[in-house]
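Just so you know, the sequence shown maps onto residues 19 to 314 in the numbering used here.
From the three backbone atoms N, C-alpha and C, an ideal C-beta is built for every residue, glycine too.
Here the structure is a predicted model, which is why all the values come from computation and not from measurement.
Here's the structure, in structure tokens; my notes come after.
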Amino acid sequence: MTLLDSGSQRPDGEGSVQVHMDQRLNLGTAKIFSIYGKGGIGKSTTSSNLSVAFSKLGKRVLQIGCDPKHDSTFTLTKRLVPTVIDILEGVDYHSEELRPEDYVFEGYNGVMCVEAGGPPAGTGCGGYVVGQTVKLLKEHHLLEDTDVVIFDVLGDVVCGGFAAPLQHSERALIVAANDFDSIFAMNRIVAAIQAKSKNYPVRLGGVIANRSAQTDQIDKFNEAVGLKTRAHIPALDVIRLSRLKKATLFEMEPTPDVLAVQKEYLQLAETLYAGVDPLVVKPLKDREIFDLLGFD
Numbered sequence: 019m020t021l022l023d024s025g026s027q028r029p030d031g032e033g034s035v036q037v038h039m040d041q042r043l044n045l046g047t048a049k050i051f052s053i054y055g056k057g058g059i060g061k062s063t064t065s066s067n068l069s070v071a072f073s074k075l076g077k078r079v080l081q082i083g084c085d086p087k088h089d090s091t092f093t094l095t096k097r098l099v100p101t102v103i104d105i106l107e108g109v110d111y112h113s114e115e116l117r118p119e120d121y122v123f124e125g126y127n128g129v130m131c132v133e134a135g136g137p138p139a140g141t142g143c144g145g146y147v148v149g150q151t152v153k154l155l156k157e158h159h160l161l162e163d164t165d166v167v168i169f170d171v172l173g174d175v176v177c178g179g180f181a182a183p184l185q186h187s188e189r190a191l192i193v194a195a196n197d198f199d200s201i202f203a204m205n206r207i208v209a210a211i212q213a214k215s216k217n218y219p220v221r222l223g224g225v226i227a228n229r230s231a232q233t234d235q236i237d238k239f240n241e242a243v244g245l246k247t248r249a250h251i252p253a254l255d256v257i258r259l260s261r262l263k264k265a266t267l268f269e270m271e272p273t274p275d276v277l278a279v280q281k282e283y284l285q286l287a288e289t290l291y292a293g294v295d296p297l298v299v300k301p302l303k304d305r306e307i308f309d310l311l312g313f314d
């Protein structure tokens, strides 16, 4: 992977300096999705349940956690699995010494789980870690028999670890709650994805409304910029409890609420696998979001 220098002819957008993908790291025929959203909005819960939904449809699924706190897959594996960067460090970065079972772990219903991890704060680039993870997966031919890859991405919009999965993905989805802070962050994420889409195939796929009884503010924003909501996950306490129990919603007691959310995830998985049209979206200026959502 290389850094884009100031003289490059392929800028990602105004002021953008990002880690770029090694063009040899093609992920094959798998459908690849990146899940974005502000920190703490429920991306990992969403990613894990969506991974299980794909697996329930008979798809071979790989989930890649792209956050240094490496907890993306713990409801699938029931533990914090070792990260790729920690394992590489243990062999002095001699990747040829690694086997797939050293860093790929099977989770609930056969979902394969990888935690990229990250460098200590302030010491390195998260984009490099994602790149090394994809390189290992390719070297060990682990993507050849995979139908779906889900990148669960950290919430820091300015980080290379945020941008790197966009270089591999077909569609990017944004998890957002029906509140100002989530929507403000979503607008910044939209702008970042639009910048990457100038040079890579990734396109916006839509919004997953999460932890929200209503979606009126999300709907208002979507109409203004051209986004669409693909699924609505309500604010249910059983979702919080599932994380505490280290379980996906597909393992919880099948109450009417749980069955309804399972159905929503299964419908989302079906829709995404069938293919959603790319959305042409125009992000708002910061002041415009304040005006749109009624803040003075």
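#### Entry: Cα-Cα separation between V243 and L297, rounded to whole angstroms
10 Å
### Task
State buried or exposed for T273, treating a residue as buried only when at least 16 other CB atoms are found within 10 Å of its CB.
exposed
### Query
Is the CB-CB distance between L88 and G135 below 8 Å?
The residue asked about is misnamed: residue 88 is His in this sequence, not Leu. Going by C-beta atoms, H88 is nearer than 8 Å to G135.
#### Entry: Residues that DSSP places opposite V193 in a beta bridge
I226
### Message
Taking CB distances under 8 Å as the criterion, tell me whether R248 reaches chain C.
### Response
Included in the structure is just one protein chain, with no chain C present.
#### Entry: C-beta atoms of L161 and T266 nearer than 8 Å
no
### Euclidean distance between Cα positions of D40 and G128
With a pLDDT of only 48 at D40, under the threshold of 50, the placement of this residue in the model should not be trusted; the figure read from the coordinates follows. Straight-line Cα distance between these residues: approximately 29 Å.
### Task
Would you give the residue range spanned by the alpha helix (DSSP H) that Q212 belongs to?
F198 to K214
### Task
Answer yes or no: do I192 and V220 have a C-beta to C-beta separation smaller than 8 Å?
no
### Task
Kindly list the residues whose CB is nearer than 8 Å to the CB of P301, restricted to its own chain and excluding five residues on each side of it in sequence; keep chain order.
N205, R206, V208, A209, Q212 and V243
#### Entry: Whole runs of the alpha helix (DSSP H) within the stretch 61–125, excluding any shorter than 4 residues
61–74, 92–95 and 102–108
### Message
Between which residues of its own chain and E115 is the CB-CB distance below 6 Å, once the five residues before and five after are set aside?
### Response
V109
### Message
Assuming A231 and I251 are in contact, meaning their beta carbons sit under 8 Å apart, how far apart are those beta carbons, in whole angstroms?
### Response
About 11 Å separates the two Cβ atoms, so there is no contact after all.
### Task
State the DSSP-derived secondary structure class of K49, mapped to helix, strand or coil.
strand
### Query
Cα separation between M270 and F51?
25 Å
### Query
With DSSP run on the structure shown, which of helix, strand or coil describes V132?
strand
### Query
Since T247 is in the beta strand (DSSP E), which residue starts that stretch and which ends it?
T247 to I251
### Task
Classify Q81 as buried or exposed, calling it buried when 16 or more other Cβ atoms lie within 10 Å of its own Cβ.
buried
#### Entry: Beta-bridge partners of D170, as assigned by DSSP
I53 and G83
### Query
Which residues share a DSSP beta bridge with R221?
R189
### Message
Which same chain residues end up closer than 8 Å to L247 when comparing Cβ atoms and leaving out the 5 residues on each side of it in sequence?
### Response
Per the sequence shown, the amino acid found at residue 247 is Thr instead of Leu. Around T247: G224, V225, I226, A227, T233, I236, D237 and N240.
### Exposed unless 16 or more other CB atoms sit within 10 angstroms - verdict on T141
Low confidence applies here, because T141 scores a pLDDT of 48, under 50, leaving its location unreliable; read the following figure in that light. Exposed: under 16 other Cβ atoms inside 10 Å.
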